[in-house]
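Engineer: Before we start, here is the structure in question, set down as C-alpha cells.
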Amino acid sequence: MSEGTYGIVWKAKNLITREIFALKQIKFEDQQQQLKVQGFPVTALREINVLLALSSHDNIVSVKEMVVGSGFDKVFMVMEFMDIDLQKAMEKRKYPDVLRQAELKSIMQQILRGTHHMHSHWFMHRDLKTSNILVHNPTGRIAVSSSKKI
1040 MSEGTYGIVW KAKNLITREI FALKQIKFED QQQQLKVQGF PVTALREINV LLALSSHDNI
1100 VSVKEMVVGS GFDKVFMVME FMDIDLQKAM EKRKYPDVLR QAELKSIMQQ ILRGTHHMHS
1160 HWFMHRDLKT SNILVHNPTG RIAVSSSKKI
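In this note's numbering, the protein residues as written are 1040 to 1189.
Below, the structure is given as C-alpha cells:
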C-alpha cells in the first residue's frame, strides 16, 4: 500500500486469472461533507478521464475499470500494476551499479514516447518527476502516471 495526493494504492490479485493489479482508492477529503455538498472529487474525475483517454499507449499507465465498493466513499480505479517508481529504482542502483548508458537511453526514449502521446492528445503532465514515472522490473517498461489536462 502507498498513499499519494489523490488516493491510496493497493496491490491486488484477481483470484481467477491470478493477474496482479493496482487498486487506487479515490480519496474523499472530508468524506461525509464532500459527499453531501460536492459529490465526487473533481480531481479524481479529471485523472480518470485523462488516463482513460491516454491509456491505449504502452508508456501510459492503463486503467482497466472502475469499481465501487460497499459505500459511495469506496471507489477504486483498477490499473495495471507497476513494480516501482523511477525514483526508488534509481535509489536502489547506487555506485558502482549505476545505470548503464543503454538503460538511460531506453528510459529516456520511453518517457519521451509517453510524453509525446500525451502532447499529441492535447494533455500536459504538469508534474513530471521520478516518483510519477513507474517501472515494471521484469520488462524494464516505463509508464507515466498522474497526467493533467491543459
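Beta carbons are placed, not taken as given, at the ideal position from N, Cα and C, and that holds for glycine.
1) From the DSSP output, in three-state form, read off Q1073 for me.
2) What would DSSP say about H1096, mapped onto helix, strand or coil?
3) How would you call E1142, buried or exposed, if buried means at least 16 neighbouring beta carbons within 10 angstroms?
4) Got a sec, what are the start and stop residues for the beta strand (DSSP E) M1105 sits in?
5) Apply the 10 Å Cβ neighbour rule to S1170 and answer buried if 16 or more other Cβ atoms are within range, or exposed otherwise.
6) Less than 8 Å between the C-beta atoms of V1114 and I1047, yes or no?
7) Could you please give me the residues that DSSP links to Q1064 through a beta bridge?
8) Do V1100 and M1121 come within 8 Å of each other at the CB atom, strictly closer than that value?
9) Check L1173 in the structure and name its three-state DSSP category.
10) Taking DSSP as the reference, what is the three-state secondary structure of K1168?
11) How about D1097 and I1172: are their beta carbons less than 8 Å apart?
12) Under the rule that 16 or more other beta-carbon atoms within 10 Å means buried, what is I1181, buried or exposed?
13) Where does M1163 sit, in a helix, a strand or coil, going by DSSP?
14) Enumerate in chain order the residues of its own chain whose CB-to-CB distance from S1145 is below 7 Å, with the five nearest sequence positions on each side excluded.
15) When DSSP labels each residue in this structure, what does R1180 get in the three-state scheme?
Structural biologist: Let's see:
1) Reliability of the predicted coordinates at Q1073 is poor, the pLDDT of 42 falling under 50, and the value obtained from them is presented with this limitation in mind. Helix, per DSSP.
2) It is coil, neither helix nor strand.
3) exposed
4) 1102-1107
5) exposed
6) no
7) DSSP lists I1047, F1115 as partners of Q1064.
8) yes
9) strand
10) coil
11) Against a cut-off of 8 Å, the Cβ pair of I1172 and D1097 comes out as no contact.
12) Around the beta carbon of I1181, 16 or more other beta carbons sit within 10 angstroms, so the residue counts as buried.
13) strand
14) Cβ-Cβ distances below 7 Å link S1145 to G1179 in the same chain, with the five nearest sequence neighbours on each side left out; the list follows chain order.
15) strand
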